[in-house]
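Let me begin by presenting the structure, written as structure tokens, before commenting on it.
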Amino acid sequence: MMLFLTQLCFADSFTTTLEAPDFDRWMYPFNGSVGDREVSATFSSIGGGYEIFDDRDGQILLGFITPEEIPVGLGASNYDIVEATLHISISNEGNVYDPTADAWESHLADTGVQDTDAGRPMELFGAAFRGGFNGWTFGETGPFPFGASRRERNAYPISCIDGYQIDVSNNVLDAFQSEPFAIGANAKLTPGAIMETETVLSFEINVADPEIQCYLRNSFSEGLLSFIVSSLHPAQQPGLRKTIGLIQPNFHMKESLAVYFGIADAAQLHFTVIAEEASTVPEDLDGDGSVGVSDILIALSDWGFCSCCSSDLNADGEVNVSDLLSVIAAWDL
Ligand SMILES: [Ca+2]
Ligand SMILES: [Ca+2]
Ligand SMILES: [Ca+2]
Ligand SMILES: [Ca+2]
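Everything in the sequence shown is counted per the working numbering, starting at 1 for the first residue and increasing by one.
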């Protein structure tokens with residue numbers, strides 16, 4: 001017997017691990033093997049003589065397509081991300097484990113601020129796009145563009161700071177803390193430990209932050225979650241790296257032979273998300289079946305910048321007069 005659902009009605013919890021990204025690529029101005037590169041390194045341009053490039057010179061873009069796991073298009077306020085963790089494997093040995101943030105000043109010798117713990121953290125951010133691209137059209141083969149210098153890369157890492165999505169590619173030059181979505185951690189390691197090859201770093205995303213939560217909600221509604229892995233490990237021009245002993249973390253991409261032979265995993269994304277049916281009357285903010293005074297009061301209590309609030313009816317990130325007018329226009333008492 002076949003069942004035809006005439007009305008979609010649900011509020012379901014989904015727990016899933018995506019075993020590999022749909023897109024994983026190195027974001028570096030002179031990367032000649034775009035989407036099919038086996039491993040990708042993260043490092044900075046600071047102090048290496050190449051400061052015409054972004055502070056965060058070598059980055060990694062990851063994209064996970066979700067419509068097969070989670071219904072899309074419900075609107076951001078109809079998703080609740082309970083937990084989300086990204087795992088990625090390091091492909092080289094000798095990196096120092098640092099699971100906590102370092103002060104941005106500690107990357108510059110002339111500030112007098114020292115790094116207080118060994119190593120440099122590896123950080124996970126949201127991703128944004130410029131040059132007319134979005135996550136879908138950029139994919140893993142979009143143009144960097146080749147040789148672009150500061151603030152020109154077409155995919156870049158963002159933090160949510162004071163309600164704004166900020167490009168953190170130059171947070172040392174611009175003098176602010178990067179505030180990542182998560183810092184890579186491994187419960188088996190102690191801070192300062194030297195990491196072996198195939199060490200797995202887990203980035204437990206801070207879903208309690210309303211702006212990070214909102215980024216994820218919009219991403220699930222869109223059906224594509226894009227992230228950037230970055231770090232500020234010092235680098236030196238090719239040829240000098242080994243002689244001065246600098247090590248930068250390298251990570252397995254899904255095209256890695258180690259992944260092919262089962263020695264390492266590609267990046268994985270684990271999450272639990274609750275998705276609810278989109279309301280047919282979005283102005284009924286308290287869901288009591290009618291639009292009235294109680295809905296106006298909710299809109300007033302959310303007034304101002306509001307991350308993914310259901311009372312932000314035109315989804316412009318702010319609850320203001322235009323949202324209030326929408327509620328009044330739907331008034332049915
Ligand atoms: Ca790839
Ligand atoms: Ca440190
Ligand atoms: Ca109502
Ligand atoms: Ca609004």
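For every residue, glycine included, the Cβ atom is placed at its ideal position computed from N, Cα and C.
Looking at ligand 1, does it come within less than 7 Å of glutamate 140, judged from the CB to the closest heavy atom? At a threshold of 7 Å, glutamate 140 counts as near ligand 1, since its beta carbon sits closer than that to one of the ligand's heavy atoms.
Any heavy atom of ligand 3 within a distance shorter than 7 Å of the CB on valine 291? In this structure, valine 291 has its CB closer than 7 Å to one or more heavy atoms of ligand 3.
Helix or strand or just coil, what does DSSP make of cysteine 214? Cysteine 214: helix per DSSP, three-state reduction.
Around ligand 1, Cβ to any heavy atom closer than 7 Å, ordered along the chain: In chain order, the qualifying residues are Phe23, Asp24, Arg25, Gly35, Asp36, Arg37, Glu140, Met253, Lys254, Glu255.
With 16 other CB atoms within 10 Å as the buried threshold, where does tyrosine 156 fall? Answer is buried; the Cβ neighbour count reaches 16.
What residue range is occupied by the uninterrupted alpha helix (DSSP H) comprising tryptophan 26? Segment 23-27 is the beta strand (DSSP E) holding tryptophan 26; no alpha helix (DSSP H) there.
Identify whether serine 77 lies in helix, strand or coil by the three-state DSSP scheme. When secondary structure is reduced to three states using DSSP, serine 77 falls in the helix class.
If we ignore side chains and look at the alpha-carbon of each, how far apart do leucine 419 and isoleucine 46 end up? Nothing about residue 419 can be reported from this structure: the residues present for the chain run from 1 to 333 only.
Nearest to alanine 235 by CA position, among Asp55, Asp12, Thr17, Glu19, is which residue? Comparing Cα positions, the closest option is Asp55.
So is the beta-carbon of glutamate 318 under 7 Å away from any non-hydrogen atom of ligand 4? Yes, ligand 4 has a heavy atom inside 7 Å of this Cβ.
Beta carbon of alanine 109: closer than 7 Å to some heavy atom of ligand 2? Incorrect: alanine 109 has no Cβ contact closer than 7 Å to ligand 2.
Which residues mark the beginning and the end of the alpha helix (DSSP H) in which threonine 137 is found? Threonine 137 -> alpha helix (DSSP H) spans 135-138.
Endpoints, beta strand (DSSP E) assigned at serine 40: Under the DSSP assignment, serine 40 falls in the beta strand (DSSP E) whose first and last residues are 39-41.
Taking 8 Å as the threshold, find out whether the region 179-187 comes into contact with the region 203-222 through three or more Cβ pairs. Because the criterion of three Cβ pairs below 8 Å is met, the region 179-187 and the region 203-222 touch.
Nearest-angstrom Cβ-Cβ length linking alanine 278 and alanine 76, presumed shorter than 8 Å: Taking a contact as a CB-CB distance under 8 Å, the pair alanine 278 and alanine 76 does not count as one, their CB atoms being some 10 Å apart.
Flag serine 310 as yes when its Cβ comes closer than 7 Å to any non-hydrogen atom of ligand 4, and as no otherwise. Answer for serine 310: no, Cβ out of range of ligand 4.
Proximal residues to tryptophan 303 (C-beta, below 6 Å), its chain only, five neighbours per side dropped: Exclusion of the five residues before and after tryptophan 303 leaves Val319 as the residues of its chain whose Cβ lies within less than 6 Å of its Cβ.
Under three-state DSSP, which class holds serine 231? Strand, per DSSP.
Going by DSSP, what residues sit across from leucine 164 in a beta bridge? At residue 164 the sequence reads tyrosine, which differs from the leucine that was named. According to DSSP, which records beta bridges pairwise, tyrosine 164 is partnered with Ile161.
Could you pull the start and end residues of the alpha helix (DSSP H) that isoleucine 65 belongs to? Counting along the chain, isoleucine 65 falls outside any alpha helix (DSSP H), though it belongs to the beta strand (DSSP E) covering 56-65.
Local conformation of leucine 8 per DSSP, three classes: In this predicted model, leucine 8 has a pLDDT of only 47, less than 50, meaning its place in the structure is not dependable; the value taken from the coordinates is given anyway. Shown here, leucine 8 sits in coil according to DSSP, grouped into three states, outside any helix or strand.
If you measure between the beta carbons of isoleucine 90 and methionine 195, is that distance less than 8 Å? It is a contact, given that the beta carbons lie within the stated cut-off.
Would you check if there are 3 or more beta carbon pairs closer than 8 Å linking the region 252-268 to the region 82-97? Three or more Cβ pairs drawn from the region 252-268 and the region 82-97 lie within less than 8 Å of each other, which places the two stretches in contact.
Taking 7 Å as the cut-off, is the CB of leucine 189 close to at least one heavy atom of ligand 3? In this structure, leucine 189 has its beta carbon at no less than 7 Å from each heavy atom of ligand 3.
Under the rule that 16 or more other beta-carbon atoms within 10 Å means buried, what is serine 13, buried or exposed? Sixteen is the threshold: since fewer than 16 other Cβ atoms of the shown chains lie within 10 Å of the Cβ of serine 13, the residue is exposed.
Straight-line Cα distance separating cysteine 306 from aspartate 80: Rounded to the nearest angstrom, the two C-alpha atoms are 15 Å apart.
Exposure label - leucine 285; buried when at least 16 CB within 10 Å: By the neighbour-count rule (16 or more Cβ atoms within 10 Å), leucine 285 is buried.
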